[in-house]
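Novice: In my numbering, the protein residues as written are 944 to 1638.
Ideal Cβ placement from N, Cα and C applies to all residues, glycine included.
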Ligand code: GLA
Ligand code: CA
């Protein structure tokens, strides 16, 4: 406490000497260029038609051991399990060509499954579990390898689409004759159940937060027939929404299993019961993804076996996936790195910078079991402030007073200038990895414009001066500034900081923020929660500040565009509607919303570039989020796997678990292990225990 009092006194003194000088120092600038750090490989760019097509093939194949299920009468023949025209991956686009069946990919994750009702809002523990279980109308993860002038989401459950003449309607054709992993037909009813009773039901929040506005205000969706759906938009040809139809905002769940639990169809159920109707112990949940969960042991493992109804094949007619099993060890995220480097795990997105030097050293050894490849600086963190002053999360008087501060530009500027970002970055890892990140779009990405980026450099004296003039004085001399007398009883300014304890980086950065706010006279109190609790708390609005890892819209702009500003009452992470359902947007936020809406409404690239320059300027000039640090991630994959695309980023349009197209990944025969935990088994009936054998 004493130390803080001295720091404040020092600032006061400096102010007394020269207010003008202090203010001049704080003049905003553009951010420094990030240190040189070259990505280790670049993708080979192709067109979408080079990657896949939908067509019937003369014959289809499956692993020999699966045929035994057919012979035993437990499964229809493979040709009958596949759709009329399966998705076919082109051989020429496969880095190592047609694969062979067998083996397992061993994932390690730090999250824990809440249950299998993904569209009802339950997390499966992340780390690619939900990415693998869910198939969505379109797909964007692999777009890192698509040429810029052909950039458009890949078809997936929607195999094709066309726009009406006037551009207001989009007709989508669903894959015909595809089945859920329990053999029940997938069709437009699954799509409509997702849209009507989950996205559009205000009592349900699908896991990745899809709301009606994610697809545009006033947008409607109708079923035309079992395999045709029709979107109607207020905008003209908003191709942008095709990205929102990818993971994670348009991935339908199995209506035949979920509907009977939904309160609209089952009046005995509450929404809570609907959400929780499929706990982690519920095995063999029907999915459209390539593997189905068949075994769960708390804090130990989730095992998935191949989906015998998977609807994708290679050009030789081999039903995918090639890998028979996927495992998810329930450990920690740091352990994911350690195990992937050591070879006892198979995959990691190296993203916690604290471990970089060690992981690099071990992976450079010639006998290292895994490849490690760094990409661009697409991992970054911000300090979010809660902007709702009209009741989101129902703050008490102290909380409400903090919200008022959060909405004050001078306050946000002061916080930004009190942060020594160089030190924050260096405290994670030394070397050329971390870059100073002011917030907004990332340096090095396609819509970034340095000249439009406003950065308030570290200047603690000027920061203190700003808070002094904002009327935040330490009235009782204990080193902590007090609210003005008419707010929160003039108490010390105490601010809670939400952070995720599942990641060392999140809590390290949060600790850094807490320490750096002390010389500013702000008492920041750690509100550290495990991942699931953290996400629930973030959703509920019961928080003041949060340290958060950035999401895809910051990297690509075109993915999750509507998350860039509060375009709807529940679309934004840190500003949602209050108790009366309205958003109390600040004028500059309204500008951001307008920019996002005009971005979505045009596909003119020159116009889009200009819109995003303006957006970035408004965003960073107003310190909308307070950037902390930005750094590259590395993909670690065991060397025994084939078909890993070169230059696959750990995070761009989506995470690497999607980007590498796991259903195409295989292990060459001479490299196969005998690590499968449930060899020669397939998923059983929904809700039954464990997988089944052929006899
Ligand atoms: C977590 C991990 C990421 C990635 C995603 C996938 O967030 O930290 O590296 O695996 O899950 O959803
Ligand atoms: Ca005080």
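Using the beta-carbon count (16 or more within 10 Å), is residue 1174 buried or exposed?
Specialist: Looking up residue 1174 in the chain shown gives position 231. Buried.
Novice: So residue 1233 and residue 1519 are in contact, right, with Cβ under 8 angstroms, and what is the actual spacing, rounded?
Specialist: Taking the first residue of the chain shown as 1, we reach residue 1233 at position 290. Taking the first residue of the chain shown as 1, we reach residue 1519 at position 576. Contact flag wrong, Cβ pair sits at about 35 angstroms.
Novice: List in chain order the residues whose CB is within less than 5 angstroms of at least one heavy atom of ligand 2.
Specialist: The filter returns 1417, 1419, 1421, 1423, 1425, 1435, in chain order.
Novice: Counting pairs of beta carbons, one from the stretch 1094-1102 and one from the stretch 1074-1083, are three or more of them closer than 8 angstroms?
Specialist: Yes, since at least three Cβ pairs between the stretch 1094-1102 and the stretch 1074-1083 fall closer than 8 angstroms, the two stretches touch.
Novice: Who are the near neighbours of residue 966 in its chain, counting only those whose CB is closer than 6 angstroms to its CB and skipping five residues on each side?
Specialist: Here residue 966 refers to the residue found at position 23 when the chain shown is read from its first residue. Below a pLDDT of 50, predicted positions are generally treated as unreliable, and residue 966, at 49, falls in that range; the measurement from the model is reported next regardless. If we look at residue 966 and ignore the five residues flanking it on each side, it has no Cβ neighbours.
Novice: From the DSSP output, in three-state form, read off residue 1638 for me.
Specialist: As a position in the chain shown, residue 1638 is number 695, starting the count at 1. Residue 1638 falls in the coil class under three-state DSSP.
Novice: How would you write the range of the alpha helix (DSSP H) that residue 1276 sits in, first residue to last?
Specialist: Here residue 1276 is taken as the residue at index 333 of the chain shown, counted from 1. Unbroken alpha helix (DSSP H) run through residue 1276: 1276-1285.
Novice: For residue 1045 and residue 1610, I'd like the C-alpha separation in whole angstroms.
Specialist: Locating residue 1045 in the chain shown gives position 102, counting from the first residue. Locating residue 1610 in the chain shown gives position 667, counting from the first residue. So the alpha carbons of these two residues sit roughly 7 angstroms apart.
Novice: Looking at residue 1599 and residue 1292, is the spacing between their C-beta atoms short of 7 angstroms?
Specialist: The residue given as residue 1292 occupies position 349 in the chain shown. The residue given as residue 1599 occupies position 656 in the chain shown. Yes, they are a contact pair.
Novice: Please return the same chain residues whose Cβ sits closer than 8 angstroms to the Cβ of residue 1115, not counting the five positions on each side in sequence.
Specialist: Counting from 1 along the chain shown, the entry for residue 1115 is found at position 172. So the qualifying residues of the chain are 1080, 1101, 1103, 1104, 1171, 1172, 1173, 1174.
Novice: Check residue 1199 in the structure and name its three-state DSSP category.
Specialist: The count along the chain shown starts at 1 and reaches residue 1199 at position 256. Residue 1199: helix per DSSP, three-state reduction.
Novice: Could you check where the alpha helix (DSSP H) with residue 1220 kicks off and where it finishes?
Specialist: Within the chain shown, residue 1220 is the residue found at index 277, counting from 1. Neither: residue 1220 is in no alpha helix (DSSP H) and is coded neither H nor E.
Novice: May I have the straight-line CA-CA distance separating residue 1126 from residue 1630, to the nearest angstrom?
Specialist: The sequence position of residue 1126 within the chain shown is 183, counting from 1. The sequence position of residue 1630 within the chain shown is 687, counting from 1. When rounded, the distance between both Cα atoms is 14 angstroms.
Novice: Tell me where the alpha helix (DSSP H) around residue 1342 begins and ends.
Specialist: Along the chain shown, read from residue 1 onward, the residue named residue 1342 stands at position 399. From DSSP, the alpha helix (DSSP H) with residue 1342 extends over 1340-1349.
Novice: Can you grab the Cα-Cα spacing for the pair residue 1565 / residue 1168, in whole Å?
Specialist: As a position in the chain shown, residue 1565 is number 622, starting the count at 1. As a position in the chain shown, residue 1168 is number 225, starting the count at 1. For residue 1565 and residue 1168, the distance between alpha carbons rounds to 48 angstroms.
Novice: What is the residue span of the alpha helix (DSSP H) that residue 1424 lies within?
Specialist: Start at 1 with the first residue of the chain shown, and residue 1424 comes out as number 481. Where residue 1424 is concerned, there is no enclosing alpha helix (DSSP H), given that its DSSP letter is neither H nor E.
Novice: Given this structure, state the Cα-to-Cα distance separating residue 1449 from residue 1107, to the nearest angstrom.
Specialist: By 1-based counting over the chain shown, the position of residue 1449 is 506. By 1-based counting over the chain shown, the position of residue 1107 is 164. When rounded, the distance between both Cα atoms is 46 angstroms.
Novice: For residue 1288, which of 1073, 977, 1050, 997 has the nearest alpha-carbon?
Specialist: Here residue 1288 refers to the residue found at position 345 when the chain shown is read from its first residue. It is 1050.
Novice: Would you decide whether residue 1264 is buried or exposed? Buried here means 16 or more other CB atoms lie within 10 Å of its CB.
Specialist: Here residue 1264 corresponds to residue number 321 of the chain shown, with the count starting at 1. Residue 1264 is buried by the Cβ-count criterion.
Novice: Can you tell me which residues fall inside 6 angstroms of ligand 1, judged by beta-carbon distance to its nearest heavy atom, and keep chain order?
Specialist: Those satisfying the condition are, in chain order, 1069, 1070, 1071, 1074, 1276, 1292, 1294, 1598, 1600.
Novice: Alpha carbon to alpha carbon, what distance is there between residue 1585 and residue 1303?
Specialist: As a first step, residue 1303 must be located in the chain shown, where it is residue number 360. As a first step, residue 1585 must be located in the chain shown, where it is residue number 642. C-alpha separation (whole angstroms): 22 angstroms.
Novice: In angstroms, rounded to a whole number, what distance separates the CA positions of residue 964 and residue 1408?
Specialist: By one-based count along the chain shown, residue 964 stands at place 21. By one-based count along the chain shown, residue 1408 stands at place 465. Because residue 964 sits at a pLDDT of 44, beneath the cut-off of 50, its placement in the model cannot be relied upon, and the following sentence gives the value as read from the coordinates. Their backbone Cα atoms lie some 11 angstroms apart in a straight line.
Novice: Going by DSSP, what residues sit across from residue 1168 in a beta bridge?
Specialist: If you number the chain shown from 1, residue 1168 lands on position 225. DSSP, once it has assigned bridges, lists 1171 as partnering residue 1168.
Novice: Would residue 1485 and residue 1336 qualify as a contact pair, given that the criterion is a beta-carbon distance under 7 angstroms?
Specialist: The residue labelled residue 1485 in the question sits at position 542 within the chain shown. The residue labelled residue 1336 in the question sits at position 393 within the chain shown. Going by C-beta atoms, residue 1485 is nearer than 7 angstroms to residue 1336.
Novice: Expressed to the nearest angstrom, what Euclidean distance is found between the alpha-carbon atoms of residue 1563 and residue 1136?
Specialist: Sequence index remark: in the chain shown, residue 1563 carries index 620 (1-based). Sequence index remark: in the chain shown, residue 1136 carries index 193 (1-based). So the two alpha carbons sit approximately 40 angstroms from each other.
Novice: Distance check for residue 1499 and residue 1388, CA to CA, integer angstroms please.
Specialist: Within the chain shown, numbered from 1, the residue matching residue 1388 stands at position 445. Within the chain shown, numbered from 1, the residue matching residue 1499 stands at position 556. If you take the alpha carbons of residue 1388 and residue 1499, they lie about 7 angstroms apart.
Novice: So what does DSSP say about residue 1098, is it helix, strand or coil?
Specialist: The residue labelled residue 1098 in the question sits at position 155 within the chain shown. Correct three-state label for residue 1098: strand.
Novice: Relative to the alpha-carbon of residue 1621, which residue among 1245, 1036, 1002 has its alpha-carbon at the smallest distance?
Specialist: Residue mapping note: residue 1621 aligns to position 678 of the chain shown, counting from 1. Among 1245, 1036, 1002, the Cα nearest to that of residue 1621 is on 1245.
Novice: So, with DSSP's three-state summary, where would you put residue 1580?
Specialist: Along the chain shown, one-based indexing puts residue 1580 at 637. Residue 1580: strand per DSSP, three-state reduction.
Novice: Which runs of the beta strand (DSSP E) fall wholly inside the stretch 1376-1460 and span at least 3 residues, in chain order?
Specialist: Whole beta strand (DSSP E) segments, 3+ residues: 1437-1443.
Novice: Which partner residues of residue 1112 appear in the DSSP bridge assignment?
Specialist: Here the question's residue 1112 lines up with position 169 in the chain shown. The partner list for residue 1112 (beta bridge, DSSP) reads 1175.
Novice: Rounding to the nearest angstrom, what Cα-Cα distance links residue 1391 and residue 1290 in this structure?
Specialist: Against the chain shown, residue 1391 aligns to sequence position 448. Against the chain shown, residue 1290 aligns to sequence position 347. About 30 angstroms.
Novice: Are the stretch 1521-1536 and the stretch 1504-1511 in contact at 8 angstroms, needing three or more beta carbon pairs?
Specialist: With the cut-off at 8 angstroms, the stretch 1521-1536 and the stretch 1504-1511 touch.
Novice: Quick check: the Cα distance between residue 1308 and residue 1278, rounded to an integer number of angstroms?
Specialist: Your numbering for residue 1308 matches position 365 in the chain shown. Your numbering for residue 1278 matches position 335 in the chain shown. The alpha-carbon atoms of residue 1308 and residue 1278 are separated by roughly 20 angstroms.
Novice: By the three-class DSSP mapping on this structure, what secondary structure does residue 1258 have?
Specialist: For the purposes of this step, residue 1258 is identified with residue 315 of the chain shown, where counting begins at 1. If DSSP states are grouped into helix, strand and coil, residue 1258 belongs with coil.
Novice: For the candidate residues 1487, 1177, 1181, whose alpha-carbon lies nearest to that of residue 1339?
Specialist: Translated into the one-based positions of the chain shown, residue 1339 becomes position 396. The residue with the shortest Cα to Cα distance from residue 1339 is 1487.
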